[in-house]
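Novice:
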Amino acid sequence: MAGAHWRQGHAEEAARLALAAGFGPLGLGEIVSFTVPANEPSWRLMRKLGMAPDGEFGHPRLAPEHPLHRHLLYRMTRAEWVAQRLG
């Protein structure tokens, strides 16, 4: 069961590795992430990682009345990630 793996820190570990890969070897200048407002564990994790909220948008393939149409956008720059790691 997938639920048995929730709240074990796996998502945070994977997200930190993804940020390290993106800002490290891949040399990205910015990484963005998004989720629906109802997915509180996801947007809480984005904030915990140091990503900043940057508005909302409607999913282009979902009708405006669809419950999953609205998305929250988060972003982090390489400079922010480096500053965070240097403490």
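Numbering follows the numbering used here, with no gaps: position 53 of the sequence shown is 60.
Note that the Cβ used here is the ideal one computed from N, Cα and C, for glycine as well.
#1: Could you tell me the boundaries of the alpha helix (DSSP H) in which Gly29 lies?
#2: Enumerate in chain order the residues of its own chain whose CB-to-CB distance from Leu35 is below 6 Å, with the five nearest sequence positions on each side excluded.
#3: So, under 8 Å CB-CB, Glu63 and His78 are touching, yes? Tell me the CB distance rounded to an integer number of Å.
#4: Between Leu26 and Ile38, which are expected to be in contact by the criterion C-beta below 8 Å, what is the C-beta distance as a whole number of angstroms?
#5: Identify, in the order they occur along the chain, each residue of the same chain with its Cβ nearer than 8 Å to the Cβ of Phe41, setting aside the five sequence neighbours on each side.
Specialist: In short:
#1: For the purposes of this step, residue 29 is taken as residue 22 along the sequence shown, with counting starting at 1. Taken as a continuous stretch (DSSP letters only), the alpha helix (DSSP H) holding Gly29 covers 17-30.
#2: Here the question's residue 35 lines up with position 28 in the sequence shown. Result list for Leu35: Gly29, in chain order.
#3: Reading the sequence shown from its first residue, position 56 is the one you call residue 63. Reading the sequence shown from its first residue, position 71 is the one you call residue 78. The Cβ separation is near 6 Å, so the contact holds.
#4: Taking the sequence shown and counting its residues from 1, one reaches residue 26 at position 19. Taking the sequence shown and counting its residues from 1, one reaches residue 38 at position 31. With 8 Å as the limit, Leu26 and Ile38 qualify as a contact, their Cβ atoms being about 6 Å apart.
#5: Within the sequence shown, the letter at position 34 stands for residue 41. Contacts found: Phe64, His78, Leu79, Leu80, Tyr81.
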